Amino acid sequence: MNHISKLPDIETTIFTVMENLSKKHKAINLSQGFPNFKSDQKLIDLVSKAMNSGYNQYAPMLGVRELREAIAEKFDKLYQTSYNPKNEIVVTAGATQAIFTIISAFISPKDEVILFKPAYDCYEPAIELNGGKVIPIQLKYPDYQVDWDEVKKVFSEKTKMIVVNTPQNPCGTVFSKEDMQQLETLTRNTNCIVLSDEVYEHMVFDGFTHQSACLFPDLKERTFITASFGKTFHNTGWKMGYCCGPKELMKEFIKVHQFNVYCVNHPIQIALAEYLKEASVYKELDSFYEKKRDLFLAAITNSNFSFKPSKATYFQLLNYTAISTEKDVDFAKRLVTEFGVASIPLSVFNTNRLDEKVLRFCFAKKEETLLKAAEILNTL
Ligand code: PMP
Ligand code: GLN
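Residue numbers (my numbering): 567 to 946.
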């Protein structure tokens, strides 16, 4: 059968490639970002309870009311800002569905979307599928700072959307207050929508604070924020997240959401609504992951990798220039097959596969896993 691919240049995502290699070689898997420890038993019990109590049919389209209220309360408590649970918050099948829905709802052929690279890999295909044009801004190792003058140069009436991701995957950087103010100034009085992917909002270290787009009033009125319960509560396999934004924009989001998925997992929503009644659930996460980062970095401090400690997320970048001149994809593959540690090569997230000899390692792992991996990395 003849058909024209809508995504001719897209290959299997690096996460699947490295996961499969890792399994095949029984490697220590620090590639795809997920914890190898259990989610809170209390939350798991609440899901079972919800299933046994009969919450097994379709949920309301926008999400269980109590859960949307709990999300609104979180914004109120953490950021002193409000989203109306009736029409400004939608529960989604992970942040991924929220991102896809936002892009599908607003991007038409030839619309330009500014993207900072390296970028998490789900934005670009969604833009392309909708006929949009990616305008990449390549950031550079090791600090990945944004030069806002460069952004200003490519920003025009054609710019329909800017995607920002703070804290940033894969770099582990955060946007400062000044960065967010620059974004706010740049987009003020324009028709540009901002997609602010904030799935790592609760994992920020070293005294930095998360600068959510909702903290900046002019930015908030043009921004969708996406979030992931999977990231926050150590259950990425549940694929639960949410999206919030101003009601005029949300109206368009909902038009797509209702036919894209209609609604998402009912018993998990009931459980999360109950679980979120304890406000403390978010509190420990920063220090929990900061300790893991510190443990991992202390264990490889004498290795031949060079690094700057990650400021946020659960990813650490390591530069291997002192070890090999191989391309990062080749080196990452050899690291799994010969040495038994799986990571993610950064070039796949860069413009024109820019290769800066950097690999990403996920430290959302048990202490013993991180120490075992470090022992191997120290031999290189
Ligand atoms: N955005 C970023 C930056 C991510 O790292 C991820 C991966 N978890 C997602 C979105 C998708 O989140 P989810 O698993 O909730 O779909
Ligand atoms: N967000 C996860 C990561 O960056 C992976 C999610 C996925 O496999 N698509 O590792």
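The beta carbon of each residue, even a glycine, is placed where N, CA and C say it ideally should be. Computed from a predicted model, the values in this text were never measured in an experiment.
#1: Select from Asn916, Gly811, Tyr855 the residue whose C-alpha is nearest the C-alpha of Asn653.
#2: Evaluate Thr725 with the Cβ neighbour count: other Cβ atoms within 10 Å of its Cβ, from every protein chain shown; 16 or more gives buried, anything less gives exposed.
#3: Are the stretch 737-752 and the stretch 625-632 touching, with three or more C-beta to C-beta distances below 8 Å?
#4: Run through DSSP, which three-state label would Arg900 get?
#5: Roughly how many angstroms lie between the CA atoms of Leu863 and Pro675, to the nearest whole one?
#6: Rounded to the nearest angstrom, what separates Pro708 and Val924 at their Cα positions?
#7: The alpha helix (DSSP H) with Tyr689 in it runs from where to where?
#8: Can you grab the Cα-Cα spacing for the pair Phe905 / Ile942, in whole Å?
#9: Would the stretch 645-660 and the stretch 789-808 be scored as touching if the rule is three or more Cβ pairs under 8 Å?
#10: In the structure shown, what three-state DSSP assignment does Asn595 receive?
#11: Within the same chain, show all residues whose beta-carbon is closer than 6 Å to that of Tyr855, passing over the 5 residues directly before and after it, in chain order.
#12: Name the residue from Thr582, Ala839, Ala878 whose alpha carbon lies nearest to the alpha carbon of Arg634.
#13: Relative to the ligand GLN, is the shortest distance from any of its heavy atoms to the C-beta of Gln598 smaller than 8 Å?
#14: If you drop the 5 nearest sequence neighbours on each side, which residues of the same chain put their C-beta closer than 6 Å to that of Lys683?
#15: Use the C-beta contact count for Thr739: other C-beta atoms within 10 angstroms, 16 or more gives buried, fewer gives exposed.
According to the data block:
#1: Gly811
#2: buried
#3: no
#4: For Arg900, the secondary structure class from DSSP, reduced to helix, strand or coil, is helix.
#5: 45 Å
#6: 9 Å
#7: 689-695
#8: 7 Å
#9: yes
#10: strand
#11: Met769, Tyr880
#12: Ala839
#13: yes
#14: Pro702, Gln704, Asn916, Thr917
#15: buried
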